[in-house]
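When the letters of the sequence shown are read in order and numbered with this note's numbering, they come out as residues 17 to 204.
Working notes, structure below.
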Amino acid sequence: MTLDGFLIAYGAVLILPLSVVEGPAVSAVTGLLASQGYVGCTLAMVLLVCGDLIGDLIYYWIGRSGVTPLSGLSRRLGLGEAFSPEFQRDLKQHSTKMLLVGKWTHAIGCVVLVASGMLRLPIPHFLFVNLLATVPKSGALFAFGYFAGNHIGLFERHAVLGSALLGIAGVSAVALILRRAQLLRARL
C-alpha cells in the first residue's frame with residue numbers, strides 16, 4: 017500500500033504520527049489528499065505542524081540525553097575541538113540562524129536539532145524558533161502537494177539531487193555563520 021493510499025484509508029488520524037517520522041513527504045502527500053477532499057486543510061496543517069515539532073523535540077532529547085556518548089564519538093573521530101567552549105558559545109549565540117537553516121534545508125536538520133539538545137538550548141527558545149520555521153515550511157510543502165500533487169512523480173525522480181543540493185546549501189550556510197562568528201571573535 018502506498019503512503020497516499022494508507023492516508024486515504026485511515027484518514028487524518030495518521031497525519032500526526034506519520035509527520036513525526038517524515039514531515040516533509042507527509043506534508044506534500046497530505047496537501048494532495050486535501051486537494052481531493054480526503055482531509056480538511058486547517059486540521060491537516062495543525063496536525064502537520066504539531067507532528068513536525070514533536071519530531072524536533074525527539075531529536076533535541078536525543079542530543080540532550082546523549083551528550084557523553086556523542087562527545088566521546090566525536091573525540092574518536094578526531095572532532096574533539098568541535099565542541100570547545102568557544103565553539104559551543106558561537107553555536108548558542110547563533111542558534112536561531114542555525115535552527116532556521118537546519119529546518120529549511122532539511123538535509124542537515126537532524127544534526128542541528130541533535131546539536132541543540134547537546135548544547136542544552138532552552139526549550140522555549142528551541143520550540144519558538146522551530147515553530148517559526150515549521151509553519152512556512154509545512155505550509156509550502158502542503159501547498160505544493162495541494163496544487164502540484166498530480167505531478168509528484170516528476171519531483172520524486174529528482175529528490176536525491178534536490179536533497180543533495182539542499183544539504184550542500186545547509187552545510188555551507190552553517191559554515192558561513194560559524195566562520196563569521198569566529199572572525200568577529202578574533203577581532204575582539
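Note that beta-carbon positions come from the ideal geometry of N, C-alpha and C, so glycine has one too.
Use the C-beta contact count for Phe158: other C-beta atoms within 10 angstroms, 16 or more gives buried, fewer gives exposed.
Phe158 is buried by the Cβ-count criterion.
Spatial neighbours of Leu59 within its chain, please: C-beta separation below 7 Å, excluding the five flanking residues on both sides.
Closer than 7 Å at the Cβ level, and outside the excluded window around Leu59, lie Ala28.
Using a 10 Å radius around the Cβ and a threshold of 16 neighbouring Cβ atoms, would you call Gly96 buried or exposed?
Note on Gly96: pLDDT 48, under 50, position unreliable in the model; no value is reported.
What do you get for Phe142, buried or exposed, if any count of 16 or more other CB atoms within 10 angstroms of its CB means buried?
Phe142 is buried by the Cβ-count criterion.
With DSSP collapsed to three states, give me the class of Leu135.
Correct three-state label for Leu135: coil.
Report yes if the C-beta distance between Val36 and Ile70 is below 8 Å; otherwise report no.
Result yes, Cβ atoms of Val36 and Ile70 sit closer than 8 Å.
Tell me the DSSP secondary structure of Tyr54 in three-state form.
Note: Tyr54 maps to coil in three-state DSSP.
Can you give me the Cβ contacts of Lys108 inside the same chain, cut-off strictly under 8 Å, excluding the 5 residues immediately before and after it?
Taken in chain order, the residues that qualify are Leu135, Leu137.
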